[in-house]
């Protein structure tokens, strides 16, 4: 996870002698992700921890994951409906107050004026102090990261600055009552060059439970629980804690 400053209980990399750090308690957080299960994979433990501290957390999904099925009888429409239901159920477990879908095609997201405008409109409507999104420059895994992740991360960053901030960008939005808004911090998840770690021990069970709500994407729940515990214990070793993102 990359950021310029640390959120509540963020832990700097091990090479900086890990220690607990506390920052401002932000009121509004928005996570912007490409697919319905992306936030569970990368930052749900951090979001659950944030919810426990009081902020309102909302989630914007650019696609509904409509390609996410190998069932020969499935259609893009039926898969999208199921995955939207799963995303809402997962968000409820994490304490996320709202989930919005932009319904762009899975595996075909493009960096367009239309998408940038939609993301800007959402940021101006929700008015978050902090935005979480994909790292578009140093994605994890490198080279084989999903293209939608890279595109959504880039669009989200452009939407934060300068488009959501500057009133003459998309002036029709201001005319519709969506005033300019300045995001204070952006946190990039799914990065292969993390600069901060967050202790997710208190939110880990909810993270797993939320991921398992994505039943269409889960072949073996027990195997996933074990693999994810090992995965985030490995991350935690770099921060000197049991489990971390």
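Residue numbers (this note's numbering): 16 to 260. Glycine included, every Cβ here is placed at the ideal spot set by N, Cα and C.
Let me know the secondary structure DSSP gives residue i once reduced to three states.
{"i": "residue 49", "result": "coil"}
{"i": "residue 219", "result": "helix"}
{"i": "residue 73", "result": "strand"}
{"i": "residue 99", "result": "helix"}
{"i": "residue 138", "result": "helix"}
{"i": "residue 43", "result": "strand"}
{"i": "residue 186", "result": "helix"}
{"i": "residue 62", "result": "helix"}
{"i": "residue 180", "result": "coil"}
{"i": "residue 172", "result": "helix"}
{"i": "residue 250", "result": "helix"}
{"i": "residue 159", "result": "coil"}
{"i": "residue 36", "result": "Any answer about residue 36 is weak, because its pLDDT of 33 lies below 50 and its placement is not dependable; what the coordinates show is given next. In the structure shown, residue 36 sits in a strand (DSSP, three-state: E or B)."}
{"i": "residue 119", "result": "strand"}
{"i": "residue 127", "result": "coil"}
{"i": "residue 164", "result": "helix"}
{"i": "residue 54", "result": "helix"}
{"i": "residue 91", "result": "helix"}
{"i": "residue 67", "result": "helix"}
{"i": "residue 245", "result": "helix"}
Taking residue i and residue j to be in contact with their CB atoms under 8 Å, please state how far apart those CB atoms are, rounded to whole angstroms.
{"i": "residue 108", "j": "residue 260", "result": "With a Cβ gap of about 17 Å, residue 108 and residue 260 do not count as contacting."}
{"i": "residue 140", "j": "residue 199", "result": "Between residue 199 and residue 140 the Cβ distance is about 17 Å, and since that is not below 8 Å, they are no contact."}
{"i": "residue 201", "j": "residue 172", "result": "7 Å"}
{"i": "residue 130", "j": "residue 170", "result": "5 Å"}
{"i": "residue 89", "j": "residue 225", "result": "With a Cβ gap of about 23 Å, residue 89 and residue 225 do not count as contacting."}
{"i": "residue 258", "j": "residue 248", "result": "6 Å"}
{"i": "residue 142", "j": "residue 185", "result": "Not a contact, Cβ separation roughly 15 Å."}
{"i": "residue 204", "j": "residue 253", "result": "Rounded, the Cβ-Cβ distance is 15 Å, inconsistent with contact."}
{"i": "residue 55", "j": "residue 230", "result": "Contact flag wrong, Cβ pair sits at about 12 Å."}
{"i": "residue 85", "j": "residue 94", "result": "Actually they do not touch by this definition, with Cβ atoms about 10 Å apart."}
If you measure between the beta carbons of residue i and residue j, is that distance less than 8 Å?
{"i": "residue 17", "j": "residue 160", "result": "no"}
{"i": "residue 42", "j": "residue 87", "result": "no"}
{"i": "residue 75", "j": "residue 45", "result": "yes"}
{"i": "residue 138", "j": "residue 62", "result": "no"}
{"i": "residue 135", "j": "residue 49", "result": "no"}
{"i": "residue 51", "j": "residue 96", "result": "no"}
{"i": "residue 115", "j": "residue 82", "result": "no"}
{"i": "residue 153", "j": "residue 164", "result": "no"}
{"i": "residue 210", "j": "residue 64", "result": "no"}
{"i": "residue 196", "j": "residue 182", "result": "no"}
{"i": "residue 113", "j": "residue 73", "result": "yes"}
{"i": "residue 243", "j": "residue 215", "result": "no"}
With 8 Å set as the bound, which would you pick, yes or no: does the beta-carbon of residue i sit closer than that to a beta-carbon of chain D?
{"i": "residue 214", "result": "Absence of chain D from the displayed structure is noted, only one protein chain being present."}
Should residue i be listed as close to the ligand GDP, given that the test is whether its C-beta is under 7 Å from any heavy atom?
{"i": "residue 212", "result": "By its list of ligands, the structure shown contains no ligand whatsoever, and the ligand GDP lies outside what it can speak to."}
Tell me residue i's beta-bridge partners as DSSP assigns them.
{"i": "residue 214", "result": "259"}
{"i": "residue 149", "result": "204"}
{"i": "residue 194", "result": "In DSSP, residue 194 forms no bridge with anything."}
{"i": "residue 114", "result": "74"}
{"i": "residue 17", "result": "203"}
{"i": "residue 154", "result": "206"}
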